[in-house]
Each structure stands twice: as structure tokens, then as C-alpha cells.
Amino acid sequence: MSARGYQLPMPWAVGRLSQRQTLLAGPAHATYTWHMSKKPRTDVPRERPAKNPSANVDLSAVVAKVEAGERLNLDDGVRLFESSDVFTVGRLANLVRERMHGRVTYWNTNRHLNPTNVCFVGCELCAYKDIPNAPGTWAYSPQEAVDVARRDYTPDVREFHIVGGLHPQWKYDVYLDILRALKEAFPKVHLKAFTMVEVDWLAKLNKKSVEDTLDELMEAGLDSCPGGGAEIFHPRARDIIAQKKMTGERWLEVARICHLKGLRTNATILYGHVETFEERVDHLIKLRELQDETQGFDCLIPLAFHPENTPFEGHMPATDGFDDLKVIAVSRLMLDNFAHIKAYWVMLTQKIAQVALHFGANDLDGTIVDERITHAAGGKAGKGMTREQLCTFISEAGRVPVERDTLYRPIDPKHRELVRTEGSWQGPAWAGADLQDGALA
Ligand code: SF4
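Residues 21 to 461 (my numbering) make up the sequence shown, in order.
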């Protein structure tokens, strides 16, 4: 441990803790249990309930609603999932996508930074957790976070996407100091950091409200928040895949607080595990309701569950391309108040992500370079793409690549007019309205 109390990044330096440990977790003084074993669980379902779509589902009423621009309800969403008519579902999603964005497809030049992969929570769904002293764990000091960020940095990097585990030995100041150190070293790079799970935990560590904690994090350099940790909100499925994680209601509440503070966030849906079609649509409607209230979400990122190295390995097959495309498409159709649906190529693979650009997706995430979370769970899509590869990949799908910053402001001035004319989405009004402001300082 360094003089300032940070954990060193090497496996041998990560704290030595007993198998069961009581942690003072802020005002709640919660008790957490280490999950030392990754043995396959035998009490999880062996098959995904959300499968076996049928050719006999009548979509005519849903088609009429989408063509008329009407909002879809829970039954509509479930019917879309139940139907095996992926062409009709995709055509509808593409109709909405092109109404909003035309051919425009966003991407950004970003880097992922995971300050630690040590986490005491022990979500069943997660391969990206480990115990102290286990081979392969790391926990960066602020200076080490800067060093890692610098390793892959190029002057065109616009964003650091920063998420990690809840390290049981880190104090609140570690997180603040990581933000400060990164902002000082890279003042022009947008820091999109900490999921709602992390924000909630930081407030507990800080023994202050989420509101006051966000003020301090923003002061330290936080610019926006990613969308992870939402998983699936419905308690039946959530209790199986992430029993010890914050509830869906709490995730939405923390997101609401972020939005009211003026922090933009993203949202996610984790699919392809134990959730039903109804639970997927319920999740999307809860996000839509909060978006009606706050307009604080930029983007939904559907995340395909990867079972490898989780207790579901051997029980649960990975998702297939058919379902991946359906989730992208139904998300586009249900979330009429979300500007952007992302085809996260790291999880989907490049080939499915490319097709998804015609199934409702209008964003591909970014160059990334060093993705670790999905790869810990068996992701095979590669850890990064070059700017040229991303643009070619989009163009070959018949779309127009538009590099953006985190807030969806086009980087290239000639793209600003294109965004205005291609679809009904007129740019990020929350960021000062005019896309002319999109050029970064
Ligand atoms: S999903 Fe997040 S909170 Fe849960 S164990 Fe993994 S890193 Fe920890």
C-alpha cells in the first residue's frame, strides 16, 4: 500500500482479506460477504425463457401504430418479441431510426479505463470480479490510472469511459483523486465515469447524500455517467442474476438524481439470461418513464449476456444473432423518447453490429482499444478498432459515419448540417442547443 493508502496495481499487492468480512459501508454499516467461488450454480435455469418466437403473431396493429408515430405499450412490445417475423420488426425499427437520424451513424474515439476489477458485491452475472490476491486482479492508484490512460492515448481521444468494481478497501478519496488526476493530465478529455451502482456506493463511502457526492465528483472532473448496472429491473430476474446489487428502483432513483443535477447518463438492458419477454419490455418502459420525466438519458445500450466465467456457464447458451437484432429493434421501437440506440460491437461482434445499423441502431460506440469486461466473460469481438476501421465498417453498411463527442456533438463541422437534414433529431439541445458548439476546445 502506498503512503496515501492506495492499493498497488499488482495482484500481490491487492489487500489480504478474510473470506467473510464485515465492511463499514457508510451510514448503513452493511455487511457484505465475499464470494470466493466461481463454481457453476446448479439452481439457475438451464434455458432462457425469452425464446421460441412464433410465426403466428399478428403484428398488424403494432405496424399501424409505428407507422402513425404512436407510442407502443407493454403488450405491443411483447408481441414484437414473440414474433419470429424479424424482417417486419427490423423494418419498423429502421423506419423509426431513419425518421430520427436518416443514414447518420455515430461513433467516437474513446478509451476504456477500469481502475479495479476487485469487487465485493458478487453479482451472479459477472465475470469481472475477483478476490484480493487472485491472479489477474488490479487496483490502480490515481497516478497509475493516468499512466494506463496515457499508454493508449492519442490526441484524437475525446472520452475516457471509466467503470470498475467496488473495491472493499478503497476509500472515497481514491475515486475523487483518480478523477482529479485524469482531468489534470487530460483536461480536454470527457470523463464518463461511474455507473449508478458506483455512484450509490460512493455516496455511502462518503457518508453524504447522492446529491452532495455528485457535487464533489463533478468538482473533481466527472462530466457524465455510463449506463451500466441497470441489468434487468424486474425483481424476479434481478434476484437470480444480481441478487446483491442495488434494486432496479434504486438504480432509477440514482439516475434521476444525476439528471436533476444536470449530469447526462446512458442506460443499459442486459438480456439473454433468465429474463422473460415481459421483463424486457417492463425494463424499457421504466426507462421511458424516467426519460419522460428528466430527458437525462442520451443512449440505450442493449448488452448481450455472456455466460463464460460466470455461474451460468454450461447452463445458459450465449445469445444468438436473431435475438440480438430483435432486442436492438424492439428497444428502438419502445424508446420513442431516447435519441440513440447503440449497437455495442464489442458484445454483439462486428458482423451483427453492422447489420444492427438497419435494425434500429444509430450508434456503434467507439474505438475503445482495451476492453476488459466483456472479454472476461468470453467476448470474442476484439478489444478495439481503429478510426479507419470503424468508418469503413459503417460505410460498407450503407450508412454515413459521424464522429461525435460523448454528448453526441459532431466533431467535424461539415457533419453538423448533415445531422440537421438527415432526420428529425436536431442535436443535443441540452448542451447549449447549437451544434456549432460541438467543436471541442
Ligand atoms: S456486476 Fe459490477 S457490482 Fe456486480 S460484481 Fe461485477 S463489478 Fe461488482
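Just so it is clear, CB atoms sit at the ideal spot from N, CA and C, and this is done for glycine as well.
What are the start and end residues of the alpha helix (DSSP H) that includes GLU67?
Taken as a continuous stretch (DSSP letters only), GLU67 belongs to no alpha helix (DSSP H), as it is neither H nor E.
Which value, in whole angstroms, describes the spacing of the CA atoms of ARG436 and GLU423?
11 Å
State the DSSP-derived secondary structure class of THR412, mapped to helix, strand or coil.
helix
May I ask you to report which of helix, strand or coil DSSP gives LYS264?
coil
As assigned by DSSP and simplified to three states, the class of TRP271
helix
Compute the minimum distance between the beta carbon of GLY142 and the heavy atoms of the ligand SF4, and state whether it is under 7 Å.
yes
Tell whether a beta-carbon distance below 8 Å holds between ILE261 and VAL294.
yes
CB-CB length for LEU79 against SER104, believed under 8 Å
About 11 Å separates the two Cβ atoms, so there is no contact after all.
Tell me the DSSP bridge mates of TRP127?
GLU423
Taking ASP343 as part of the alpha helix (DSSP H), name the residues at either end of that continuous run.
341–354
Nearest neighbour of MET336, chosen from ARG91, GLU144 and PRO162 [CA to CA]:
GLU144
Quick check: is any heavy atom of the ligand SF4 less than 7 Å from the C-beta of GLY185?
yes
Inspect the CB distances between the region 302–317 and the region 112–130 and report whether three or more fall short of 8 Å.
no
Distance between CYS139 and THR42 (C-alpha atoms, nearest Å):
Note that THR42 scores 27 on pLDDT, short of 50, meaning its location in the model is unreliable and no value can be drawn from it.
Euclidean distance between Cα positions of ARG276 and GLN189:
28 Å
Considering only the beta carbon of each residue, do MET238 and VAL274 sit closer than 8 Å?
no
CA-CA distance, LEU280 and PRO155?
41 Å
With a threshold of 7 Å (Cβ to nearest heavy atom), would VAL217 be considered close to the ligand SF4?
yes
Buried or exposed for GLN311, going by 16 or more other Cβ atoms inside 10 Å?
buried
Spatial neighbours of PHE214 within its chain, please: CB distance less than 8 Å, with the 5 preceding and 5 following residues excluded, ordered by chain position.
ILE182, VAL183, TYR195, LEU222, LEU237, LEU242, CYS245 and PRO246
Compute every distance between the C-beta of CYS278 and the non-hydrogen atoms of the ligand SF4, then say whether any falls below 7 Å.
no
Taking just the CA atoms, how far does ALA159 sit from GLY185?
9 Å
Residue of LEU323, ASP385, TRP445 and MET120 minimising C-alpha distance to ARG131
ASP385
CA-to-CA distance, MET405 to PRO162, given in whole angstroms:
27 Å
In chain order, which beta strand (DSSP E) runs of at least 3 residues are fully inside the region 176–259?
179–182 and 210–213
Please look up how many angstroms separate the CB atoms of LEU94 and ARG284, rounded, as I've assumed it's under 8 Å.
Their Cβ separation, rounded to whole angstroms, is 27 Å, which puts LEU94 and ARG284 out of contact at 8 Å.
Under the criterion of a Cβ to heavy atom distance below 7 Å, does CYS319 qualify as lining the ligand SF4?
no
For the putative contact between ALA373 and TRP365, defined by C-beta atoms under 8 Å, what is the C-beta separation to the nearest angstrom?
4 Å
Using the DSSP secondary-structure output, state which residues sit across from GLY386 in a beta bridge.
ASN128
Give the DSSP-derived three-state secondary structure of PRO322 in the structure shown.
strand
Who does SER104 pair with in a DSSP beta bridge?
Answer by DSSP bridge pairing: none, since SER104 is not bridged.
Of the choices VAL98, ILE348 and ARG170, whose alpha-carbon is the least far from that of CYS319?
ILE348
In whole angstroms, what is the alpha-carbon distance linking ALA45 and GLU269?
Confidence at ALA45 is low in this model, with a pLDDT of 28, below 50, so the placement of that residue should be treated as unreliable; the coordinate-derived value is given next. Rounded to the nearest angstrom, the two C-alpha atoms are 20 Å apart.
Mind checking whether the beta-carbon of CYS245 lies closer than 7 Å to any heavy atom of the ligand SF4?
no
Applying the 10 Å Cβ sphere with the 16-neighbour rule, what's the burial state of SER229?
exposed
Count the other CB atoms, across all protein chains shown, that sit within 10 Å of the CB of SER464; report buried if there are 16 or more and exposed otherwise.
This structure gives no information on residue 464, because the portion of the chain shown stretches from 21 to 461.
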